[in-house]
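Participant: Residue numbering for the sequence shown follows my numbering, starting at -1 and increasing by one per position.
We put the beta carbon where it would ideally sit given N, CA and C, even for glycine.
What you are looking at is a predicted structure, and each value in this text was computed from that prediction instead of being measured.
I'd like to ask you about the structure that follows.
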Amino acid sequence: MGQQDKFENSVEQKQNDRDYADCFQIIAEAGQAKSDYIAATHAGIAGNFEKAKELIRSGNEAFDKSHMIHLKLLQLFASGENCQPPSVLLVHAEDQMSSAEVLRAVADDFILYCARDIEKNSEATS
């Protein structure tokens, strides 16, 4: 193996390492978003809507971070800088993002339902 081949392999390995790190970061941020959204629903059940709002905001920040990293990977792929096929790890990261996005929508609606239910019950007991 010549020096040029070693250099090319080294560059390719560094790109793979960056891709893996980015995928794990997406998974971590999407996981944090999901945790925040679930905690927000629990806060809504308890009637703590300020806490629920804060947790939704925190979840949105984590989700946005995962989205930006994902966008960076897609831009590299589209530019031809990273022409490797998507890895199983990237597919898993995208799945985590998708489930976080679904949980966000469910959490928003569920918290709204909790608020309406509490309001309705307080009117009924008045």
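Residue 50: which of 68, 65, 66, 31 sits nearest, CA to CA?
Facilitator: As a first step, residue 50 must be located in the sequence shown, where it is residue number 52. It is 31 whose Cα lies nearest to the Cα of residue 50.
Participant: Of all the options 102, 77, 15, 46, which has the alpha carbon lying nearest to the alpha carbon of residue 116?
Facilitator: On the sequence shown, residue 116 is found 118 positions in, with the first residue counted as 1. Residue 116 has its Cα closest to that of 46, out of 102, 77, 15, 46.
Participant: May I have the straight-line CA-CA distance separating residue 84 from residue 122, to the nearest angstrom?
Facilitator: Counted from its first residue, the sequence shown places residue 84 at position 86. Counted from its first residue, the sequence shown places residue 122 at position 124. Cα to Cα, the separation comes out at about 55 Å.
Participant: Would you give the residue range spanned by the alpha helix (DSSP H) that residue 64 belongs to?
Facilitator: Looking up residue 64 in the sequence shown gives position 66. Segment 47 to 77, the alpha helix (DSSP H) holding residue 64.
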